[in-house]
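Read through the structure below, which is laid out as C-alpha cells, and then see the notes.
As C-alpha cells, then:
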C-alpha cells in the first residue's frame, strides 16, 4: 500500500472548539494510482476524548467507510464534553493489512451545545390583550431530536408597573399544547414583556426570546368575592412538642378573588365540645406569625380564622400541638432501643365496615428495611409483612393499595407497591434528582413530588408529568377542591386546581 502513510487529518486537527452534536471529519490522502482505484480499501475512523500519548490512549472506532471518501459527518449527540479530544485515521485493505493510526496534530475540545432557542407563535409584539393571553410555542423540528428533553421557561415583567421578572410557567415539556395565561388580575400597562428560554438537563440555557411592547388592559371588570380563604397552618416548623408558651405559626392561605386581610388565633380545648381557652387580638398577616398558649401540660389545639378583603372569614384552621397517645414516641418503643432501626414514615388507615381500629403501617430504615402492620388497638402488636428492596422514606394508601417511595444512591424515581405478599416495582424513572419527596391522593390520582421540583400524576398504571415548582415539594395537602404544595425551603406555596399550578403571593394586611 504505497504512499498510504501520507494520509492526514484536516479537520479537526487541533485547537478547534466544537459546539453542537455533530461534526464533519475530513482528511487528505495522496493521489491514487490506477491500481489502487480498483482495490478494496477502507478508512477506519477513531475517536478519543482522553488523549494521553501514542501508547496509553484508548481509541474507539466510530466508522469504517470506503477509501474514496474525503469526509465523514459524525453525529455524537450529548455524549462527550472534553478538552482532550483527537481523531485518528487508519487504512485497511481487503487482506486485512492495516496502517498505523494517523491522528490529529493536537487536542481539540467538544462542548455540549446550548439548548435550541424557543420559537414563539403567541403572544406577538405590539398586541393588546385582556382577560387572558394565549401562549403558543412552535416545537416543529424539536420533537424527536436531542432537544426533545429540553424544558421551556416563560416569564413576564413590566417596568412601568415595577413588576420584576415573574414566572408564568416553568419546565414546560416539549410538545405541550397552547397555554392560556390568566391576566385578569394584572394592572393595565403597555410595556409588558414576555421572556422565553429553554434549559437542558445540564442547566445550560438558550438565548432568550423577548416579546416587547405587549399591552394588557382589563376593561369593565369588577371583583366578586363570595368565598372565604383556604389554607393550612404549620406550628413551630412541624415540631411535635414545645416547652415555650410562645409558639410560631406559619399560615399558608389562598383566596380565589382578593388577598388575605388578617388573622385571629385562638387556643381550643382538646376535648369535645372544643371550647375556646384563649383568644388573641387580630394581627397583621405575615408569612411567619406568633401567638401565646397556656402553660398547662397536655395536648393543645391552635385555631386560626383568616379573613379576606371581601369580609369573608374562613372556618378555623386547626392544628394540634402534641401527638395523641399513639404517637411517634409510642411507635419507637416497639423497636429495640439499642438497634439502629428507625421508623421513617407512618400510614394510618381509618376503620371501616364496623371495625374499631383500622390499620397502621410503618416502614423502617437502618438495620432492618421492612414494612410493618399494626391491627390491634389493645396491645399495639406489630408484625413484619414484607422486606423492602431498598431504603424508603414515604408510605401512603392509594385505592386500598400500599405505595412506598424508595431511595437510591442516584436519587432517582422509585415508586414501589405492596401486592399483599411482597414489594414490587410500580414505576421507575432514571432522571437525576427525580427521587420522590412527597406523595398524596388528589381526586382519583396519586400525585408525587420530586426533588427536582417535578410533579407527577399516577393512576395506578401510567405516569404523567403535570408540571413543576421551584424547589423540592416538602409538603402536599388537599384542602377543598385544591391541592397545596409547599416547597422544601418553606419559602413558596403553590396551588394546583387539577389543571394548572400557580404560585401564591404572601402579603401583610390587618383584620378589622
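Residue numbers (my numbering): -15 to 496.
Virtual Cβ for every residue (Gly too), placed ideally from N, Cα, C.
For residue i: DSSP bridge partner residues
{"i": "residue 214", "result": "238"}
{"i": "residue 357", "result": "345 and 367"}
{"i": "residue 251", "result": "262 and 286"}
{"i": "residue 48", "result": "28"}
{"i": "residue 153", "result": "138"}
{"i": "residue 433", "result": "422 and 439"}
{"i": "residue 326", "result": "349"}
{"i": "residue 233", "result": "219 and 273"}
{"i": "residue 390", "result": "376"}
{"i": "residue 398", "result": "412"}
{"i": "residue 464", "result": "Answer is none; residue 464 lacks a bridge partner."}
{"i": "residue 77", "result": "25"}
{"i": "residue 385", "result": "382"}
{"i": "residue -2", "result": "In DSSP, residue -2 forms no bridge with anything."}
{"i": "residue 292", "result": "244"}
As assigned by DSSP and simplified to three states, the class of residue i
{"i": "residue 221", "result": "helix"}
{"i": "residue 5", "result": "coil"}
{"i": "residue 457", "result": "strand"}
{"i": "residue 133", "result": "helix"}
{"i": "residue 445", "result": "coil"}
{"i": "residue 268", "result": "coil"}
{"i": "residue 43", "result": "coil"}
{"i": "residue 38", "result": "coil"}
{"i": "residue 406", "result": "coil"}
{"i": "residue 82", "result": "strand"}
{"i": "residue 87", "result": "strand"}
{"i": "residue 68", "result": "strand"}
{"i": "residue 451", "result": "strand"}
{"i": "residue 375", "result": "strand"}
{"i": "residue 187", "result": "coil"}
{"i": "residue 170", "result": "coil"}
{"i": "residue 114", "result": "strand"}
{"i": "residue 226", "result": "coil"}
{"i": "residue 196", "result": "strand"}
{"i": "residue 160", "result": "coil"}
{"i": "residue 298", "result": "coil"}
{"i": "residue 319", "result": "Low confidence applies here, because residue 319 scores a pLDDT of 49, under 50, leaving its location unreliable; read the following figure in that light. Coil."}
Cβ-based neighbour list, residue i, same chain, cut-off 6 Å, excluding 5 preceding and 5 following
{"i": "residue 348", "result": "325, 327 and 354"}
{"i": "residue 149", "result": "139 and 141"}
{"i": "residue 74", "result": "28, 82, 83 and 85"}
{"i": "residue -5", "result": "10"}
{"i": "residue 114", "result": "201 and 202"}
Sequence-distant residues of the same chain with beta carbon closer than 7 Å to residue i, five excluded per side
{"i": "residue 406", "result": "370"}
{"i": "residue 48", "result": "26 and 28"}
{"i": "residue 157", "result": "135 and 449"}
{"i": "residue -8", "result": "11, 12 and 86"}
{"i": "residue 409", "result": "400"}
{"i": "residue 333", "result": "342, 343 and 381"}
{"i": "residue 272", "result": "232 and 234"}
{"i": "residue 3", "result": "95 and 97"}
Residues near residue i by beta carbon distance below 8 Å, same chain, minus five either side
{"i": "residue 278", "result": "229, 251, 261, 262 and 284"}
{"i": "residue 465", "result": "481 and 482"}
{"i": "residue 376", "result": "328, 329, 347, 349, 353, 388, 389, 390, 391 and 400"}
{"i": "residue 42", "result": "32 and 34"}
{"i": "residue 317", "result": "Its pLDDT being 40, under 50, residue 317 is placed unreliably in this model, and the value from its coordinates should be taken loosely. Cβ neighbours of residue 317 beyond the five flanking positions: none."}
{"i": "residue 497", "result": "Summary: the structure shown does not reach residue 497, with the chain confined to residues -15 through 496, and so no result is reported for it."}
Neighbour flag for residue i against chain C, beta carbons, 7 Å
{"i": "residue 241", "result": "The displayed structure is made up of one protein chain only, and chain C is not part of it."}
Contact between the stretch 168 to 178 and the stretch 187 to 199 is defined here as three or more beta-carbon pairs at a separation below 8 Å; is this criterion met?
Judged by Cβ distances under 8 Å, the stretch 168 to 178 makes contact with the stretch 187 to 199, as three or more pairs qualify.
Counting Cβ pairs closer than 8 Å, one from the stretch 132 to 152 and one from the stretch 231 to 249, do we hit at least three?
No, the stretch 132 to 152 is not in contact with the stretch 231 to 249.
Contact the stretch 421 to 441 vs the stretch 453 to 463: 3+ CB pairs below 8 Å
Cβ pair count under 8 Å is three or more, so yes.
Count the CB pairs spanning the stretch 285 to 298 and the stretch 241 to 250 that are closer than 8 Å, and state whether there are at least three.
The stretch 285 to 298 is in contact with the stretch 241 to 250.
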